[in-house]
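Trainee:
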Amino acid sequence: MLIALHFLVNKEISQAKNPIEIQLNNKLVQTQNYSVSNHKYIFNSFSQTLPIVAKVKKDEFETTDEYNKRLQQAYTFFYGQLKSKGININNAYNIKINKKSTGNGGYKVSYDADKEIVTIRIEPGISLSNKYQDFLALEVESTSTTQYFQAGRGILKNILTEEYKLLIGNINSRREEILSFSLGRNEARKLISNNILGVAIVCKFIPPFVDEKSDFHSLFTGDNFVNRFTSDIYKAHTNVKDITYLTGTKYIIANAQKIVVYNTKNGKIYSEYPIIEQSSNTEKPFSITSNFPSRKLHLFNPDFSQRKRKKGQKLRKSIFRKHFNSYKV
Numbered sequence: 015m016l017i018a019l020h021f022l023v024n025k026e027i028s029q030a031k032n033p034i035e036i037q038l039n040n041k042l043v044q045t046q047n048y049s050v051s052n053h054k055y056i057f058n059s060f061s062q063t064l065p066i067v068a069k070v071k072k073d074e075f076e077t078t079d080e081y082n083k084r085l086q087q088a089y090t091f092f093y094g095q096l097k098s099k100g101i102n103i104n105n106a107y108n109i110k111i112n113k114k115s116t117g118n119g120g121y122k123v124s125y126d127a128d129k130e131i132v133t134i135r136i137e138p139g140i141s142l143s144n145k146y147q148d149f150l151a152l153e154v155e156s157t158s159t160t161q162y163f164q165a166g167r168g169i170l171k172n173i174l175t176e177e178y179k180l181l182i183g184n185i186n187s188r189r190e191e192i193l194s195f196s197l198g199r200n201e202a203r204k205l206i207s208n209n210i211l212g213v214a215i216v217c218k219f220i221p222p223f224v225d226e227k228s229d230f231h232s233l234f235t236g237d238n239f240v241n242r243f244t245s246d247i248y249k250a251h252t253n254v255k256d257i258t259y260l261t262g263t264k265y266i267i268a269n270a271q272k273i274v275v276y277n278t279k280n281g282k283i284y285s286e287y288p289i290i291e292q293s294s295n296t297e298k299p300f301s302i303t304s305n306f307p308s309r310k311l312h313l314f315n316p317d318f319s320q321r322k323r324k325k326g327q328k329l330r331k332s333i334f335r336k337h338f339n340s341y342k343v
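Right under this line is the structure:
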């Protein structure tokens, strides 16, 4: 049996595209100098476990001491369930972030050949307009797919996007981090040109640990002049009746300890940059039972049902629920 297990481990390692990001039974296997955590597994683990605490509500017939004792028992069980999934709330985890893109926070890399210095800039994106507006939001992953559906004589075009973002509580949403390190031209060229430079945030998770939201909007549907004008021009040259954008965003919430620049191919670390805290959003009182996100997402604007429904909207709604069913954990 041990021989068979050894064979399976070696087989999985040999087939992995990135040797430092190997997952075995949902646990990270350290194979090189530096490894990053599986952000999807982390998000799902918290989402599956947090209801243990979130469902604890104070009964009007119990005392505060009785409630606190029951809540503490729920927390103990919550932490135990997380540990069984391989997540220790007291440990730091490495979350790899993406390059800066339009509207999203991320990193930019540049190289000075005269001084032989690599510069990494962690730049914020558009500030969030909700309760996380003071958090630095960094893109971890974003994947999009496009689908076409026949609707009468025309076609409905749906663009489905799934996003993962890291919300940093101890770095202000408008703050920029800059780090530099020396690197020879040949190695710098290989690192940057081959796109094997990685940037990770070493962080510890903080309440509410995870959150999620979804967004639905149509490009042509609306009463304003721009929408009608754009729709008329587009429809005159194509048979696409409407374009719908369906976006689901999942947040992992943490405080940053340091930024690490490394080689994603062999795990070599080039630079480690400690975070000097200016202010922490965790200083505010927090209660999981009152702040934990709703288990069911409001997939559409509450006023949406009051608007005039045009042909094809019911079809788009069913498509959205089908492809983002994973958000109802």
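Counting from 1 along the sequence shown, just add 14 to a position and that's the residue number in the numbering used here.
C-beta atoms are modelled at their ideal positions from N, C-alpha and C, and glycine is treated no differently.
1) May I ask you to list the residues that DSSP assigns as paired with Asn186?
2) Tell me whether Asn200 sits in a helix, a strand or coil according to DSSP, three-state version.
3) Helix, strand or coil: which one does DSSP assign to Ala270?
4) According to the neighbour-count rule (16 or more other Cβ atoms, all chains shown, within 10 Å of its Cβ), is Asp126 buried or exposed?
5) Please list the terminal residues of the continuous beta strand (DSSP E) segment that includes Val213.
6) Does the beta-carbon distance from Gly117 to Ile111 come in below 8 Å?
7) Taking the alpha carbon of Thr63 as the reference point, which residue from Leu181, Gly100, Ser49, Tyr81 has its own alpha carbon closest?
8) Measure from the alpha carbon of Asp128 to the alpha carbon of each residue in Arg199, Ile267, Asp225, Gly262, then state which is nearest.
9) Consult DSSP for Asn280 and reduce its assignment to one of helix, strand or coil.
10) Is DSSP giving Phe60 helix, strand or coil here?
11) If we call anything under 8 Å between Cβ atoms a contact, is Tyr284 one with Ile173?
12) What's the C-alpha gap between Leu96 and Thr90?
13) Decide if Phe223 is buried, meaning its Cβ has at least 16 other Cβ atoms within 10 Å, or exposed.
14) Just grab the DSSP bridge partners of Arg165 for me.
15) Taking Cβ positions, are Ser228 and Glu130 nearer each other than 8 Å?
16) Just how far apart, CA to CA, sit Ile66 and Asn58?
17) In three-state DSSP terms, what is Ile140?
18) Could you pull out every residue in the same chain whose Cβ sits closer than 6 Å to the Cβ of Glu190, ignoring the five residues on either side in sequence?
19) Does DSSP classify Ile302 as helix, strand or coil?
20) Where do the N-terminal and C-terminal ends of the alpha helix (DSSP H) with Asp126 fall, by residue?
21) Please work out which residues of its chain come closer than 6 Å, Cβ to Cβ, to Glu155, disregarding the five sequence neighbours upstream and downstream, and give them in chain order.
22) I'd like to check one pair, Asn184 with Asn104: are the Cβ atoms closer than 8 Å?
23) On the CB-based measure, 16 or more other CB atoms within 10 Å of its CB, does Glu80 come out buried or exposed?
24) To the nearest angstrom, how far is the alpha carbon of Leu170 from that of His231?
25) What whole-angstrom Cβ distance do Ala214 and Tyr276 have, given they're in contact under 8 Å?
26) If we call anything under 8 Å between Cβ atoms a contact, is Ser115 one with Gln147?
27) Just confirm the distance between the C-beta atoms of Thr261 and Ser194, as a whole number of angstroms; I'd bet it's less than 8 Å.
28) Check the C-beta distance from Asn108 over to Val216 and give it rounded, since I have them as a contact under 8 Å.
Mentor: So, from the listed chains and residues:
1) Phe149
2) Reduced to three states, the DSSP call for Asn200 is helix.
3) strand
4) With fewer than 16 other Cβ atoms within 10 Å, it is exposed.
5) 211-232
6) No, the Cβ-Cβ distance between Gly117 and Ile111 is not below 8 Å.
7) Gly100
8) Arg199
9) coil
10) helix
11) no
12) 10 Å
13) buried
14) In the sequence as displayed, the identity of residue 165 is Ala instead of Arg. Per DSSP, Gly168.
15) no
16) 14 Å
17) coil
18) Glu137
19) Here the model assigns Ile302 a pLDDT of 41, short of 50, so the residue's position is not dependable, and the following value carries that caveat. DSSP places Ile302 in helix when its eight states are reduced to three.
20) Run containing Asp126: none in the alpha helix (DSSP H); it sits in the beta strand (DSSP E), 120-126.
21) Tyr178
22) By the CB criterion at 8 Å, Asn104 and Asn184 fall outside the cutoff.
23) The residue in question, Glu80, is exposed, as its Cβ has fewer than 16 Cβ neighbours within 10 Å.
24) 13 Å
25) 7 Å
26) no
27) Not a contact, Cβ separation roughly 35 Å.
28) Here Asn108 really is in contact with Val216; their C-beta atoms are around 5 Å apart, less than 8 Å.
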